[in-house]
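The numbering used here applies: residue 6 is where the sequence shown begins, and numbers increase by one. Written out below as structure tokens is the structure these notes cover.
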Amino acid sequence: MSITEIRNVSASASLDISNPADVEDLIPPDSSRSRLWIIRICSIVFTFGAWEILGRQVDPLFMSYPTAIAHAGVRLVQNGELFTALQSSLRSLVVSFGFAVVIGLALGLLIGRYRSVEAATDWIVNALYATPKVAILPLVILWFGLGDTAKIFIVSLLAVFPILINTISGVRNVPAQLIDVGNAFAAREDQIFRKIILPSAMPYMMTGIRLGIGRAIIGLVVAEFFTAMTGLGALIVKYGNQYDTASMFVPIILLSFIGVVTSSLVKWVEQRLAPWRYTEE
Numbered sequence: 006m007s008i009t010e011i012r013n014v015s016a017s018a019s020l021d022i023s024n025p026a027d028v029e030d031l032i033p034p035d036s037s038r039s040r041l042w043i044i045r046i047c048s049i050v051f052t053f054g055a056w057e058i059l060g061r062q063v064d065p066l067f068m069s070y071p072t073a074i075a076h077a078g079v080r081l082v083q084n085g086e087l088f089t090a091l092q093s094s095l096r097s098l099v100v101s102f103g104f105a106v107v108i109g110l111a112l113g114l115l116i117g118r119y120r121s122v123e124a125a126t127d128w129i130v131n132a133l134y135a136t137p138k139v140a141i142l143p144l145v146i147l148w149f150g151l152g153d154t155a156k157i158f159i160v161s162l163l164a165v166f167p168i169l170i171n172t173i174s175g176v177r178n179v180p181a182q183l184i185d186v187g188n189a190f191a192a193r194e195d196q197i198f199r200k201i202i203l204p205s206a207m208p209y210m211m212t213g214i215r216l217g218i219g220r221a222i223i224g225l226v227v228a229e230f231f232t233a234m235t236g237l238g239a240l241i242v243k244y245g246n247q248y249d250t251a252s253m254f255v256p257i258i259l260l261s262f263i264g265v266v267t268s269s270l271v272k273w274v275e276q277r278l279a280p281w282r283y284t285e286e
């Protein structure tokens with residue numbers, strides 16, 4: 006037996022099976038991923054199966070079940086109502102969330118980097134963040150009327166603060182030593198932003214964007230409840246007024262699906278822009 010083989014055997018023998026980290030090292034990555042997917046699939050099957058069984062025991066006026074919701078969804082797709090509502094909601098969501106990302110990232114970088122900008126805007130940010138957004142809906146309707154403009158304003162206002170606050174935190178958590186090194190090498194301000202601040206703050210910024218997506222979807226539904234007669238929110242109100250619970254669940258589930266897909270997409274982008282974060286984990 007060679008020295009290398011002896012060392013490998015010794016290292017394996019020294020593993021502490023009471024330590025979960027050591028045990029996980031012995032599990033092949035592929036089998037671990039397969040096991041997690043099996044657990045997820047079983048969880049989904051169990052949840053929908055229980056929902057189907059229990060939902061059939063409840064008055065359909067108060068609760069529905071997956072097969073009834075699926076039939077209602079097929080009907081809404083066939084008559085074109087679901088596609089029209091989805092198109093309206095997605096258009097408003099993309100535009101308003103785009104505004105929120107641009108404003109949140111730009112302001113967050115400036116406030117986090119420059120004390121003078123923080124002194125000028127801190128009180129405004131705190132006041133708007135503490136204000137219940139639903140409370141200003143009557144004002145928004147008065148300013149913009151019942152249409153897409155009011156909807157975009159409300160969604161942007163709700164989504165911008167998680168992005169803004171996380172970006173500020175990310176900039177302020179950049180190690181001062183890195184900026185000192187940049188200054189020592191006579192780096193320009195734009196180089197410090199591109200080479201030091203943005204890479205360091207990227208995980209915070211992406212976390213803010215992921216949180217902002219959830220806020221944006223909430224804002225979209227609230228806005229469509231009150232300021233527009235189109236979109237998935239309006240569809241929920243329509244079938245709620247008709248006591249058609251199965252049809253009402255269709256846009257609710259679709260909104261949840263949109264949230265999961267967009268959040269996963271942002272996480273995928275984050276893995277490309279900040280791969281070191283996942284490498285460390």
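Ideal placement from N, C-alpha and C gives every residue a C-beta, glycine not left out. Note that the structure is predicted; figures quoted are calculated from it, not measured.
Between isoleucine 263 and tyrosine 119, what straight-line distance do the alpha-carbon atoms span, to the nearest angstrom?
36 Å
Cβ-based burial, leucine 59 [other Cβ within 10 Å; buried from 16]:
exposed
For serine 205, which residues from the same chain have a beta carbon less than 6 Å from its beta carbon, with the 5 sequence-adjacent residues on both sides left out?
Val179
For proline 256 and glutamate 229, the rounded distance between their alpha carbons
12 Å
Residues in the same chain with beta-carbon distance under 7 Å from proline 71, minus the five sequence neighbours each way, listed in chain order, please.
Phe53, Trp56 and Glu57
Rounded C-alpha distance that separates asparagine 131 from glycine 103
22 Å
Where does glycine 60 fall in DSSP's three states?
helix
In angstroms with no decimal places, state the Cα-to-Cα distance between isoleucine 32 and tryptophan 42.
Note that isoleucine 32 scores 49 on pLDDT, short of 50, meaning its location in the model is unreliable; the coordinates nonetheless yield the value given after this. Computed Cα separation, rounded: 15 Å.
What three-state label does DSSP hand proline 137 in the structure shown?
coil
Should leucine 87 and leucine 95 be called a contact, given that it needs their Cβ atoms to be closer than 7 Å?
no
Near isoleucine 116, what residues of its chain come up, given a Cβ to Cβ distance below 7 Å and the 5 sequence neighbours on each side ignored?
Val122, Glu123, Thr126 and Ile173
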